Amino acid sequence: MVAVFFSIAQFRIHTRFETIENANFGFQTVFFVKNLLDIQEFQQFDNLDLIAHEVVEGFITGLHRSPFHGFSVEFAEHRLYNQGESTKQIDWKLFARTDKLFVKQYEEETNLRCQLVIDTSSSMLFPYSKGSQHLFNKLSFSVYTAAALIYLLRKQRDAVGLTLYSDEIEFHSQPRLSPVHAELMMGKLSELLQPENHRLRKNTNTTAILHQVAESIHKRSLVVIFSDMLDNEKTDDLFSALQHLRYNKHEVLLFHVTDHKKEREFHFNNRPHKFIDLETGQIVKLNPWEIKTTYTQSVNEYFNELKVKCGQYKIDLAEADINEDFKQVLFTYLVKRKKLY
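Quick note, the sequence shown lines up with residues 218 to 558 if you use the numbering used here.
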């Protein structure tokens, strides 16, 4: 029997997985196992800032300009156009008169304020292996992506803040521009990569945390969430928390971080497995193939509902598969964003 660490999916499982319970499997759902992807090149934790630097410099070469921008309210005056800026606000009538490029500047024009929000609950440690130094999981994927975003945003002098949470807020800093604050955030992210800091049986309360974040940061911020969106609360309550962010005028980007092969396709060998819940320690013994069809149908139903809700609330959803290179996932999103904004 293969021992597998997983996380019980907590999205209204009592109703969504009723067919599984009726089949006498004695559990509610399964979320799960090991996918050993060697990330030895990223195991020097002190070099997280260097990694972010190298990744972002490559992005800038490909993008030519940043895809992130602040907001404006009311026209105030003109300023000279800087090469590389968006041409959207150029006053072409003034150009016709002066033969010079001027940009329309607005009252309350500001650099972007960005709040990075990272789920650090035990389910984010999937795939989990005791004592492994070379395991790329949902949490490390989120950390590297967040570090790259911090560097990118600071390079264009935008303020960045960081929130780390599980069933409660573990760390929170408001967006700031100072180098000292950037070092603090990079230090906190680096700590998340160290196995000795990983703790099992940490539950999730994404719903409550997002409500807190919505009220605690400046309106019209960019809120970037990294989470597998597995929560103890009801699905409607979770969606309500996302809607709260939009109601407070925040722009929301959700990196939905999952292991597609295991968590969505339920790809396991056809032999008995012992699943061990990362958040509760609950043990379930079963043959994955016996429930694969029901499981994948239920999980994909939830993920599709999440996609629909994000569309309704105008939340930017980025599906992040940890089996893909985090640099490519981020770059693909940035290219898409550049075309949209």
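Glycine included, each C-beta is placed from N, C-alpha and C at the ideal position. Model, not experiment: these values are computed from the prediction.
Start-to-end residues for the beta strand (DSSP E) that takes in residue i
| i | result |
| --- | --- |
| Tyr382 | Ala376 to Tyr382 |
| Val390 | The question names Val, but residue 390 is Ser in the sequence shown. It spans Ile386 to Arg393 - the beta strand (DSSP E) in which Ser390 sits, taken as one unbroken run. |
| Arg330 | Arg330 to Asp336 |
| Leu318 | Counting along the chain, Leu318 falls outside any beta strand (DSSP E), and DSSP gives it neither H nor E. |
| Ser444 | Leu439 to Ser444 |
Residue burial classification, residue i (beta-carbon count within 10 angstroms, cutoff 16)
| i | result |
| --- | --- |
| Tyr550 | buried |
| Ile500 | exposed |
| Tyr361 | buried |
| Arg296 | exposed |
| Tyr345 | buried |
| Arg313 | The question names Arg, yet the displayed sequence has Ala at residue 313. Result: exposed. |
| Asp316 | exposed |
| Pro489 | exposed |
| Ser438 | buried |
| Thr232 | Residue placement at Thr232 is poorly supported in this model, since its pLDDT is 27, which falls under 50; the coordinates still yield a value, given next. Exposed: under 16 other Cβ atoms inside 10 Å. |
| Val516 | buried |
| Ser359 | buried |
| Pro505 | buried |
| Lys310 | exposed |
| Thr337 | buried |
| Tyr368 | buried |
| Ser303 | exposed |
| Lys553 | exposed |
| Lys479 | buried |
| Glu518 | exposed |
| Val525 | exposed |
Where the alpha helix (DSSP H) through residue i begins and ends
| i | result |
| --- | --- |
| His398 | Pro396 to Leu410 |
| Thr426 | Thr is not the amino acid found at residue 426; the sequence shown has Ile there. Taken as a continuous stretch (DSSP letters only), the alpha helix (DSSP H) holding Ile426 covers Thr423 to Ser433. |
| Phe353 | Looking at the DSSP string, Phe353 is not in any alpha helix (DSSP H), and its letter there is neither H nor E. |
Contact check, residue i vs residue j, beta carbons under 8 angstroms
| i | j | result |
| --- | --- | --- |
| Val441 | Leu333 | yes |
| Leu495 | Ile532 | no |
| Thr475 | Asp448 | no |
| Phe492 | Ile335 | no |
| Arg418 | Ser339 | yes |
| Ser390 | His398 | yes |
| Pro392 | Val377 | yes |
| Leu329 | Leu370 | yes |
| Arg374 | Leu401 | no |
| His461 | Leu523 | no |
| Ala364 | Met403 | yes |
The region 540-557 in contact with the region 353-368 per 3-pair CB rule at 8 angstroms: yes
Contact between the region 417-434 and the region 370-386 (3+ Cβ pairs under 8 angstroms): yes
Three-pair Cβ contact test at 8 angstroms for the region 433-440 versus the region 495-515: no
Those runs of the beta strand (DSSP E) which lie wholly inside the region 453-540 and span at least 3 residues: 468-475, 490-494, 500-503 and 533-538
The region 444-454 / the region 481-494 touching (three or more Cβ pairs under 8 angstroms): no
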